[in-house]
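Enquirer:
Residue numbers (UniProt numbering): 1 to 208.
Here is the structure:
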């Protein structure tokens with residue numbers, strides 16, 4: 001269990017990118033659930049970071065992961081999805097309650113099945129908008145993952161097997177609008193370069 005003065009397990013095998021120890025970057029936990037938000041533009045490496053962090057923390061803690069991409073209502077639904085995430089997922093979890101929400105069916109482009117995200121000792125919330133302005137007040141730690149546009153695009157399009165190609169520009173425009181009014185990296189507790197950059201390389205800050 002994690003007490004008021006204890007932090008995350010220090011594990012040298014958790015690295016993102018090489019040489020960056022994830023567990024040591026996170027501050028001591030002062031309340032439960034401890035909610036960590038991981039934000040960044042599409043293809044930056046948020047999912048990779050979340051998966052690595054969850055794998056390490058689950059060795060000694062009860063960890064739940066929520067991914068915003070399961071909730072966004074379609075390719076034009078970033079802002080609406082951020083609002084749904086705040087009210088349907090983040091607020092209940094912050095109270096220590098389970099979150100009940102409806103997944104989005106990306107194949108039929110309509111609401112899918114009801115889902116439940118249970119509360120836990122540690123909750124990782126990951127996706128574009130995870131650390132938006134309203135959400136930050138309910139998070140214990142906010143993480144921004146950054147990677148140049150060309151590398152992000154290459155990673156995202158390769159990952160989704162062509163399904164994303166026709167929607168990249170539309171989604172990128174929504175990200176840019178969101179970040180123009182809410183530059184998350186300026187308020188983030190931790191900023192990390194994406195997985196294809198060397199840890200000593202400072203990422204190029206994009207202006208939305």
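Using N, Cα and C, we set each Cβ at its ideal position, and we do this for glycine too. If you're wondering where the values come from, they're calculated on a predicted model, not measured in any experiment.
Return the CA-CA distance between residue 207 and residue 169, expressed in angstroms with no decimal places.
Expert: The residue labelled residue 207 in the question sits at position 207 within the chain shown. The residue labelled residue 169 in the question sits at position 169 within the chain shown. Because residue 207 carries a pLDDT of 34, less than 50, the predicted location of this residue cannot be relied on, and the following value inherits that uncertainty. Cα-Cα distance, rounded: 16 Å.
Enquirer: Going by Cα to Cα distance, which pick from 132, 50, 93 and 189 is closest to residue 177?
Expert: Position 177 of the chain shown, counted from the first residue, corresponds to residue 177. When only C-alpha atoms are compared, the closest one is 132.
Enquirer: Threshold first: 3 residues or longer. Then list the beta strand (DSSP E) segments lying entirely within the stretch 30-74, N to C.
Expert: 34-39 and 63-67
Enquirer: Just verifying my parser: in three-state terms, what is the DSSP assignment at residue 167?
Expert: Position 167 of the chain shown, counted from the first residue, corresponds to residue 167. DSSP places residue 167 in helix when its eight states are reduced to three.
Enquirer: Would you verify that the beta carbon of residue 55 is, or is not, closer than 7 Å to some beta carbon of chain E?
Expert: No chain E is part of this structure, which consists of one protein chain only.
Enquirer: According to DSSP, residue 123 sits in a beta bridge with which residue or residues?
Expert: As a first step, residue 123 must be located in the chain shown, where it is residue number 123. When DSSP reads this structure, residue 123 sits in a beta bridge with 35 and 64.
Enquirer: Does the pairing of the stretch 57-77 with the stretch 140-151 give three or more beta-carbon distances under 8 Å?
Expert: no
Enquirer: Can you tell me which of 175, 118, 95 and 94 puts its alpha carbon nearest to the alpha carbon of residue 129?
Expert: Taking the first residue of the chain shown as 1, we reach residue 129 at position 129. That would be 175, whose Cα lies nearest to the Cα of residue 129.
Enquirer: Distance, Cα to Cα, residue 215 vs residue 165?
Expert: With the chain represented from 1 up to 208, any question about residue 215 goes unanswered, as that position is not in the structure.
Enquirer: To the nearest whole angstrom, what separates the beta carbons of residue 194 and residue 147, a pair I think is in contact under 8 Å?
Expert: Here residue 194 corresponds to residue number 194 of the chain shown, with the count starting at 1. Here residue 147 corresponds to residue number 147 of the chain shown, with the count starting at 1. Yes, residue 194 and residue 147 are in contact; Cβ-Cβ is about 3 Å, under 8 Å.
Enquirer: State the DSSP-derived secondary structure class of residue 185, mapped to helix, strand or coil.
Expert: By 1-based counting over the chain shown, the position of residue 185 is 185. Here residue 185 sits in helix by DSSP.
Enquirer: Which partner residues of residue 95 appear in the DSSP bridge assignment?
Expert: As a position in the chain shown, residue 95 is number 95, starting the count at 1. Under DSSP, no beta-bridge partner is assigned to residue 95.
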